[in-house]
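Positions 117 to 608 (this note's numbering) are the ones given, in order, by the sequence shown. For glycine and all other residues, C-beta sits at the position ideal for the given N, C-alpha and C. Below is one structure, written out as structure tokens; the observations come after it.
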Amino acid sequence: MLLTLLSHQWKAKLRSSIFQKSLVLNIILGLLILYFGSIFLLLGFGLHKILGNMYPGQDVVGIFNSALLFCFLIDLFFRFLMQELPVLAVQPYLHLPIAKNKLVHYVLVKSVPSIFNLFPLLVFVPFMYTSVMPAYGAAVAIVWVATLLLVTLLNNYLLMYFKRQMSTKPLYTLAFGVAIVGLMLLDYFGVLQLKAISETLFGAVLVNPWLAVVPLVLLAGTYLLNFYYLKAHTYPEELELRKTNTATGGDIAFLNRFGELGKLIELELKLIWRHKRTRSIAMMSVMFLFYGFLFYGKGKFMDGFGTLIFVGIILSGMPMFNYGQFLPGWQSGHFDGLLTQKNISPYQFYTAKYWMMVPVTVLAFILTLPYGFFGYKIILINAATLLYNVGVNVFVIFFFSVYNKERLDLSKGATFNWQGVGASKFVMMLPAMALPILIYLPFGLTGIPYAGIAALGGLGFLGIIFRKQLLQWSANRFVAHKYKLAAGYRQS
Numbered sequence: 117m118l119l120t121l122l123s124h125q126w127k128a129k130l131r132s133s134i135f136q137k138s139l140v141l142n143i144i145l146g147l148l149i150l151y152f153g154s155i156f157l158l159l160g161f162g163l164h165k166i167l168g169n170m171y172p173g174q175d176v177v178g179i180f181n182s183a184l185l186f187c188f189l190i191d192l193f194f195r196f197l198m199q200e201l202p203v204l205a206v207q208p209y210l211h212l213p214i215a216k217n218k219l220v221h222y223v224l225v226k227s228v229p230s231i232f233n234l235f236p237l238l239v240f241v242p243f244m245y246t247s248v249m250p251a252y253g254a255a256v257a258i259v260w261v262a263t264l265l266l267v268t269l270l271n272n273y274l275l276m277y278f279k280r281q282m283s284t285k286p287l288y289t290l291a292f293g294v295a296i297v298g299l300m301l302l303d304y305f306g307v308l309q310l311k312a313i314s315e316t317l318f319g320a321v322l323v324n325p326w327l328a329v330v331p332l333v334l335l336a337g338t339y340l341l342n343f344y345y346l347k348a349h350t351y352p353e354e355l356e357l358r359k360t361n362t363a364t365g366g367d368i369a370f371l372n373r374f375g376e377l378g379k380l381i382e383l384e385l386k387l388i389w390r391h392k393r394t395r396s397i398a399m400m401s402v403m404f405l406f407y408g409f410l411f412y413g414k415g416k417f418m419d420g421f422g423t424l425i426f427v428g429i430i431l432s433g434m435p436m437f438n439y440g441q442f443l444p445g446w447q448s449g450h451f452d453g454l455l456t457q458k459n460i461s462p463y464q465f466y467t468a469k470y471w472m473m474v475p476v477t478v479l480a481f482i483l484t485l486p487y488g489f490f491g492y493k494i495i496l497i498n499a500a501t502l503l504y505n506v507g508v509n510v511f512v513i514f515f516f517s518v519y520n521k522e523r524l525d526l527s528k529g530a531t532f533n534w535q536g537v538g539a540s541k542f543v544m545m546l547p548a549m550a551l552p553i554l555i556y557l558p559f560g561l562t563g564i565p566y567a568g569i570a571a572l573g574g575l576g577f578l579g580i581i582f583r584k585q586l587l588q589w590s591a592n593r594f595v596a597h598k599y600k601l602a603a604g605y606r607q608s
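Next up, the structure:
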């Protein structure tokens, strides 16, 4: 029965119009998976030497074990943001003489062959062969890597259960991420010793292999938890109720004072809140707030300005880029209806987009103010890039928006979803990311870097002053391309 269900799902995927139209993108995605898989495999074989050089004279296996708890915590958070829940259209099967248990087991087993479960093995197995096996023997090494696989699958089923519970409450995702970062900070400041705990837990399996039973029992428990939850929520009447229910969510009262503009912003926010792909993008944007830790505090980056400008553009602008790159494709499902609305002008349409993205960009800047502890110039640079994002980059996004002619399915998540991704997205990022560096470059080469930062912020400030003219220009471009956009959305 499982093979029959798998065959049905595979045929449905191959015969879908989206798969056929995106064949090239699927091939590219497959090549990317092979590329990153090769990197993980090489990393697994090279870790013994890498860790040996980084920590000379120390036990390589112990060092690896001390990092595993961090890796699994980060893995859990990344899964929450990026991993799609396994879906099976069970409704067509419920009236057939097929045991519901088999349908539920299929949904659960279907999640196992995922890159989130397979990629870690490309690191664990080679490391087991090069480091664990010579020190502890083949039998213990196999039990050790099996334990890591069990913990990986435990993460998988924990994610499935909690994401189903929390998918309607996106703020819980942020709280979950903050909790993980908080644990790491507690370890950094010495309040908790997560490294020591991790080394003790996973090292104990090497000494007492029977302890592998513990993650096995936990895995069985989470599997059964998912099984009974899904079994209780696959009744036809419940599925029909979900299908016909109207979207929930009340009015955002304070936006009413802004009239028609406030109403448009409210509708945009509800669109983000109610659809999987928009929610996924919003949650993924939160991750980029931590991007600065890769650069700040490191001398080779802190001594210059160019890299810090690039980081500043990303920190405050990534939510705007992630959402704005698909404009106006978010409305592709009802675009024809939008064109018939006489009470909504293109100028109002783009003005609403502008005033929705500006507060988000400012909020991202405020949330990154603690980076100022790494140096005062970080705040100056980030303030200048904030002005540049609000005054220039938002209109760069609007300029390229008229080339987004592919319809978007908002019910699908953003992870590994290439729908709507085209050449214009990559071209858009060139002026958005490279132009600020080019503006700064003459000042940096002449030894007056802060003048370059001021020029960057000043250009953004001019864009804010002349925003009405720039919004009208964006609206005029939209009018000139609206019928091409409508035709593209109908054909997609």
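Practice problem: Return the residue from the list F318, I143 and G449 that minimises the CA-CA distance to S182. | Solution: Residue 182 sits at position 66 when you count from the first residue of the sequence shown. Taking only the C-alpha atoms, the option nearest S182 is F318.
Practice problem: Report buried or exposed for W126, applying the criterion of at least 16 other Cβ atoms within 10 angstroms of its Cβ. | Solution: Position 10 of the sequence shown, counted from the start, is the residue given in the question as residue 126. Exposed is the call here.
Quiz item: Straight-line CA distance for L150 to Y209?
Solution: On the sequence shown, residue 150 is found 34 positions in, with the first residue counted as 1. On the sequence shown, residue 209 is found 93 positions in, with the first residue counted as 1. Approximately 35 Å, taken between the alpha carbons.
Quiz item: Do the stretch 449–456 and the stretch 483–498 meet, that is, are 3 or more Cβ pairs less than 8 Å apart?
Solution: no
Self-check item: Contacting residues, own chain, Cβ-Cβ under 8 Å from V241 (five flanking each side not counted)
Solution: Reading the sequence shown from its first residue, position 125 is the one you call residue 241. Excluding sequence neighbours, V241 sits near G160 and V261.
Quiz prompt | Pair within 8 Å by beta-carbon distance, V518 and M473 | solution = As a working note, residue 518 is residue 402 in the sequence shown. As a working note, residue 473 is residue 357 in the sequence shown. No, these two residues do not count as a Cβ contact at 8 Å.
Quiz item: Roughly how many angstroms separate the alpha carbons of L479 and G173, rounded to a whole number?
Solution: On the sequence shown, residue 479 is found 363 positions in, with the first residue counted as 1. On the sequence shown, residue 173 is found 57 positions in, with the first residue counted as 1. So the alpha carbons of these two residues sit roughly 47 Å apart.
Quiz prompt | Selected residue, minimal CA-CA separation from G378, among Y466, L332 and N438 | solution = Along the sequence shown, read from residue 1 onward, the residue named residue 378 stands at position 262. Comparing Cα-Cα distances from G378 to each of Y466, L332 and N438, the minimum goes to Y466.
Quiz prompt | Distance, Q457 Cα to R390 Cα | solution = One-based indexing of the sequence shown puts residue 390 at position 274. One-based indexing of the sequence shown puts residue 457 at position 341. Cα-Cα distance, rounded: 23 Å.
Quiz item: Under the three-state reduction of DSSP, which class applies to T456: helix, strand or coil?
Solution: The residue given as residue 456 occupies position 340 in the sequence shown. Three-state result, T456: coil.
Quiz prompt | When A312, N505 and G576 are compared against F437, the one with the closest alpha-carbon | solution = Residue mapping note: residue 437 aligns to position 321 of the sequence shown, counting from 1. Here the closest residue by C-alpha is N505.
Exercise. Taking only the alpha-carbon atoms, compute the straight-line gap between K279 and V427 and give it to the nearest angstrom.
Key: As a first step, residue 279 is located in the sequence shown; it is residue number 163 there, counting from the start. As a first step, residue 427 is located in the sequence shown; it is residue number 311 there, counting from the start. When rounded, the distance between both Cα atoms is 31 Å.
Quiz item: Mapping DSSP to helix, strand and coil, what is P229?
Solution: Position 113 of the sequence shown, counted from the start, is the residue given in the question as residue 229. It is coil, neither helix nor strand.
Self-check item: CB of G440 within 8 Å of CB of E522, strictly
Solution: Position 324 of the sequence shown, counted from the first residue, corresponds to residue 440. Position 406 of the sequence shown, counted from the first residue, corresponds to residue 522. The answer is no: Cβ separation not under 8 Å.
Quiz item: So, is D191 buried or exposed, given that buried needs 16 or more other C-beta atoms within 10 angstroms?
Solution: Locating residue 191 in the sequence shown gives position 75, where the first residue counts as 1. D191 is buried by the Cβ-count criterion.
Practice problem: On a CA-only basis, which of A548, P475, A550 and G146 is nearest L385? Give me that one, please. | Solution: Against the sequence shown, residue 385 aligns to sequence position 269. The candidate whose alpha carbon is nearest that of L385 is P475.
Quiz prompt | Cβ contact check for the stretch 294–313 and the stretch 243–250: 3 or more pairs under 8 Å | solution = no
Quiz prompt | Sub-8 Å separation of G433 and T484 beta-carbons | solution = Numbered from 1 along the sequence shown, position 317 holds the residue referred to as residue 433. Numbered from 1 along the sequence shown, position 368 holds the residue referred to as residue 484. Not in contact: G433 and T484 (Cβ atoms no closer than 8 Å).
Practice problem: May I have the straight-line CA-CA distance separating V321 from A257, to the nearest angstrom? | Solution: Numbered from its first residue, the sequence shown carries residue 321 at position 205. Numbered from its first residue, the sequence shown carries residue 257 at position 141. One C-alpha to the other measures close to 9 Å.
Practice problem: Using a threshold of 8 Å, state whether the C-beta atoms of Y470 and L587 are closer than that. | Solution: Walking along the sequence shown from the start, residue 470 turns up at place 354. Walking along the sequence shown from the start, residue 587 turns up at place 471. Taking 8 Å as the Cβ cut-off, Y470 and L587 qualify as a contacting pair.
Quiz item: Going by beta carbon distance, what residues of the same chain come within less than 7 Å of S123, once the five residues before and after it are set aside?
Solution: Mapped onto the sequence shown, residue 123 falls at position 7. Answer for S123: no residue qualifies.
Exercise. Would you kindly work out how many angstroms separate the C-alpha atoms of P651 and G337, rounded to a whole number?
Key: Residue coverage of the chain in this structure runs from 117 to 608, which leaves residue 651 outside it and unanswerable.
Self-check item: Cβ-Cβ distance between F235 and F156 below 8 Å
Solution: Working through the sequence shown from its first residue, we reach residue 235 at position 119. Working through the sequence shown from its first residue, we reach residue 156 at position 40. Yes, these two residues count as a Cβ contact at 8 Å.
Self-check item: Proximity below 8 Å, CB of I381 to CB of A328
Solution: As a position in the sequence shown, residue 381 is number 265, starting the count at 1. As a position in the sequence shown, residue 328 is number 212, starting the count at 1. Not closer than 8 Å, so no.
Quiz item: Count the other CB atoms within 10 Å of the CB of L502; is the residue buried (16 or more) or exposed (fewer)?
Solution: One-based indexing of the sequence shown puts residue 502 at position 386. It counts as buried.
Quiz prompt | From L185, F594 and I166, residue whose alpha carbon lies closest to that of S461 | solution = Mapped onto the sequence shown, residue 461 falls at position 345. That would be F594, whose Cα lies nearest to the Cα of S461.
Quiz item: How long is the line joining the alpha carbons of R358 and V267, rounded to whole angstroms?
Solution: Position 242 of the sequence shown, counting from 1, holds the residue named residue 358. Position 151 of the sequence shown, counting from 1, holds the residue named residue 267. Residue confidence for R358 is low, a pLDDT of 46 falling below 50, so the modelled location carries little weight; the figure read from the coordinates is stated next. Their backbone Cα atoms lie some 33 Å apart in a straight line.
Quiz item: If we ignore side chains and look at the alpha-carbon of each, how far apart do Y345 and L269 end up?
Solution: Here residue 345 refers to the residue found at position 229 when the sequence shown is read from its first residue. Here residue 269 refers to the residue found at position 153 when the sequence shown is read from its first residue. Cα to Cα, Y345 sits roughly 18 Å from L269.
Quiz prompt | A254 versus P325, F194 and P229, residue with shortest Cα-Cα distance | solution = Numbered from its first residue, the sequence shown carries residue 254 at position 138. Closest option to A254, Cα to Cα, is P325.
Self-check item: Beta-carbon contacts of L167 that lie in its chain and below 7 Å, excluding the five residues immediately before and after
Solution: Walking along the sequence shown from the start, residue 167 turns up at place 51. Here the set comprises V176, I179 and F180.
Self-check item: Status (buried if at least 16 other CB within 10 Å, exposed otherwise) for Q199
Solution: Residue mapping note: residue 199 aligns to position 83 of the sequence shown, counting from 1. Buried: at least 16 other Cβ atoms inside 10 Å.
Exercise. Kindly indicate the opening and closing residues of the alpha helix (DSSP H) around M436.
Key: Mapped onto the sequence shown, residue 436 falls at position 320. Segment G422 to G440, the alpha helix (DSSP H) holding M436.
Exercise. Go ahead and label I494 buried or exposed: buried means 16 or more other beta carbons lie within 10 angstroms of its beta carbon, across all protein chains shown.
Key: The residue you call residue 494 lines up with position 378 of the sequence shown. That one is buried.
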